[in-house]
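Undergrad: The structure's right below; bear with me while I get my questions together.
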Amino acid sequence: MAPSLAERVANKRFESNEMLPVFQLPNELLGMVAAHLMPIAGSALNPRTYPIIALSHACRRWRDATITPICSSCWSTIPLSNLFWMNICLERSRNSPISVSISSAEMPSSEAIVTRLSPYMGRVDALFVSSRFYPDSIPESLWSLLMLNAPSIESLTFEFNTATEEEHVDLPSNIFAGQAPRPLEYLESLFCNFSPAPHFLRAPNLTMLKLDQCTLWETMDDMCASLRAMPLLEVFYAYRCTLIEDIENDYIPPPAQDFARSIPMIHLNSFVVESWLYSAMTLFEALAIPFTADIKLKNDQHDFIVGDAACTRLAALLKAHLSSLLSAKTIATDLFIGARGDDTTVSWNYAISAELMRDHSNHLPDWVSSYDESTPLSITIEVGIDMPDADTDRLFGILVDAFFSNTTSMYLLALDWRPRLLLPFVQRLPELQSLRLDRASLAFLLPEICSEGSLPTQLPGLRELRLQDLDLTEDVILTLLFASLRMMSAKGLRISIKDCAVTAGTVEKLRLLSDVEWDGVTKKRS
């Protein structure tokens, strides 16, 4: 049969295109170019956003290049919303690892989709599940898919929806055939209860754990067994999670003497926990974390009164963790005390020298051996607790004695937080040389200084007062500032003014009393 007119036109176009220089390139080179066109974000929801699909529609030559084995990974993101495109991607991805994204709008309610995808679960290396359904409304088809063995998963995300923050979706004990995928490196979850399926938190190659409002373990024994099974963990992030069901809210466990620092986490570089304070401390007690890790501990039970016992125990935990730095007399820098959200927060940094890391290399991550010696490593320690002023005073006093006796720099943020007196706080730092104040701390601290004397007399070691992001045109603030300098010359005390609303006249008046460093900005930055 003679070809149709449309076929003759297409053939003629193809013959014409073959004369162009680009069409003289070998198939191998075209395939390598196409292989770089990986799926973009959202392509699982809209398959036509695949760059390689557009290229495969460009012409017959490019289509032939895009379906070669070298391009199989370009078809690896499998859309479940469209059976036609799902079949194309499964076919053209050949034996490459595949990525599956399941959201509420594309929940695989069709048995045909589940049946088609099931044989390929062994090839899934990235699985993202996001359901807006409440637990009792999650389609059975999703669970039937998740019951299959998926031994190749490297990245896993579970996001569920619940009526209340306290309600978590119980993961079935036989999910993924009751086995944690051995290659699993990344696990992220929202509103999940892992205690019925403890194998998830025992994946031996897990490096990043990010859990948001989840339940982790039923008992402390479960916690210890889980942590020992994850020796490669680098990031532990638990936000408003129930860490250990046995010790939530109504039980204060004693210090974990029998397993204190018994679980080495040599690769951990970030440990962030916002939870019931005592369960967070119990978890922290059990771990031997490198001193090169950033640490953030925050209590999320705002009706809990933090007393002396909790403050003392918390300080003891941090002292044990930072013992190598303290014995080397490493100075805590960038001390911050103030309010962040509903919590009183104390945070500080350490600059760790390459020499100190080299001396303790046996207990530090592998990357330390190749660290650039020209720049000290900076780490951050942060403690956030919602507590009355009296408890704030106690916690700060305990931390000062343990960590800040040689601190030279401090940022005091009094907005939304007002201890009984600020001046005693500052005076407890005998080596303090640089002090940065926000507007509220200026308004609180300067009257206390004026009632007792002046800045030079009350803080004799102070060498720099940093005023940043302030409105220095306010009469009250200016009056207090001049009054705090009035009783004796403050020469030797430098006032640094940066990004403030201030007039040149005010700066000149301050220069009569003190050394002033001004950036020339006259308007406060938004």
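All residue numbers for the sequence shown refer to our numbering, where the first residue is 26 and numbers rise by one. By construction, the Cβ of each residue, glycine as well, lies at the ideal position given by its N, Cα and C atoms.
(1) For Arg519 and Cys249, what's the separation of their Cα atoms in angstroms?
(2) Does DSSP put Asp246 in a helix, in a strand, or in coil?
(3) Span of the alpha helix (DSSP H) holding Asn52?
(4) Work out the CA separation of Leu497 and Leu467 for me, nearest whole Å.
(5) Count the other CB atoms within 10 Å of the CB of Thr517; is the residue buried (16 or more) or exposed (fewer)?
(6) Would you mind sorting Ser476 into buried or exposed? The rule is 16 or more other CB atoms within 10 Å of its CB.
(7) Taking only the alpha-carbon atoms, compute the straight-line gap between Glu243 and His224 and give it to the nearest angstrom.
(8) Please work out which residues of its chain come closer than 6 angstroms, Cβ to Cβ, to Ile92, disregarding the five sequence neighbours upstream and downstream, and give them in chain order.
(9) Can you find at least 3 beta carbon pairs, one from the stretch 333 to 341 and one from the stretch 357 to 364, that sit closer than 8 angstroms?
(10) Which of the three DSSP states is assigned to Arg33 in this structure?
(11) Helix, strand or coil for Lys549? Go by DSSP, reduced to three states.
(12) Whole angstroms is fine: what's the gap from Thr337's alpha carbon to Ser304's?
(13) Leu424 and Ile410: beta carbons closer than 8 angstroms?
(14) How close, in whole Å, do the beta carbons of Leu302 and Tyr262 come, if the pair is a contact with beta carbons under 8 angstroms?
(15) If you follow the beta strand (DSSP E) that Trp301 is in, where does it begin and where does it stop?
(16) Look at Ala151 and Leu173 and say whether their C-beta atoms are less than 8 angstroms apart.
(17) Exposed or buried, what is Arg88 when buried is set at 16 or more other beta-carbons lying within 10 Å of its beta-carbon?
(18) Going by DSSP, what residue range makes up the beta strand (DSSP E) through Trp543?
(19) I need the DSSP call for Asp524, collapsed to helix, strand or coil.
(20) Residues bridged to Gly409 by DSSP?
(21) Secondary structure at Thr317, three-state DSSP: helix, strand or coil?
(22) In the structure shown, what three-state DSSP assignment does Phe361 receive?
(23) Using a threshold of 8 angstroms, state whether the C-beta atoms of Asn112 and Arg141 are closer than that.
(24) Within 10 angstroms of its Cβ, does Arg461 collect 16 or more other Cβ (buried), or is it exposed?
(25) Assuming Trp100 and Ile77 make a contact with CB atoms under 8 angstroms, what is their CB distance in whole Å?
(26) Roughly how many angstroms separate the alpha carbons of Ser143 and Leu115, rounded to a whole number?
(27) From which residue to which residue does the alpha helix (DSSP H) around Met111 run?
(28) Who are the near neighbours of Val408 in its chain, counting only those whose CB is closer than 6 angstroms to its CB and skipping five residues on each side?
(29) Nearest to Thr240 by CA position, among Pro289, Cys266, Glu136, Thr232, is which residue?
(30) May I ask you to report which of helix, strand or coil DSSP gives Tyr145?
(31) Can you grab the Cα-Cα spacing for the pair Asn199 / Ala175, in whole Å?
(32) In three-state terms, what does DSSP make of Met513?
(33) Can you tell me whether Cys239 is helix, strand or coil according to DSSP?
(34) How should Trp168 be labelled, buried or exposed, when 16 other C-beta atoms within 10 angstroms of its C-beta is the threshold for buried?
(35) Between the beta-carbon of Leu108 and the beta-carbon of Ile127, is there less than 8 angstroms?
(36) Under three-state DSSP, which class holds Ser98?
TA: Taking the geometry as given:
(1) 52 angstroms
(2) helix
(3) 52 to 60
(4) 11 angstroms
(5) For the record, residue 517 in the displayed sequence is Gly; it is not Thr. Its Cβ having fewer than 16 others within 10 Å, Gly517 is exposed.
(6) exposed
(7) 13 angstroms
(8) Arg117
(9) no
(10) helix
(11) coil
(12) 16 angstroms
(13) no
(14) No, Leu302 and Tyr262 are not in contact; Cβ-Cβ is about 17 angstroms, not under 8 angstroms.
(15) Premise fails: Trp301 is in no beta strand (DSSP E) and is neither H nor E.
(16) no
(17) exposed
(18) 540 to 543
(19) coil
(20) Lys323, Thr370
(21) coil
(22) strand
(23) yes
(24) buried
(25) 7 angstroms
(26) 11 angstroms
(27) 108 to 117
(28) Leu322, Val371
(29) Cys266
(30) helix
(31) 12 angstroms
(32) Low confidence applies here, because Met513 scores a pLDDT of 49, under 50, leaving its location unreliable; read the following figure in that light. In this structure, Met513 counts as coil in the three-state DSSP scheme.
(33) coil
(34) exposed
(35) no
(36) helix
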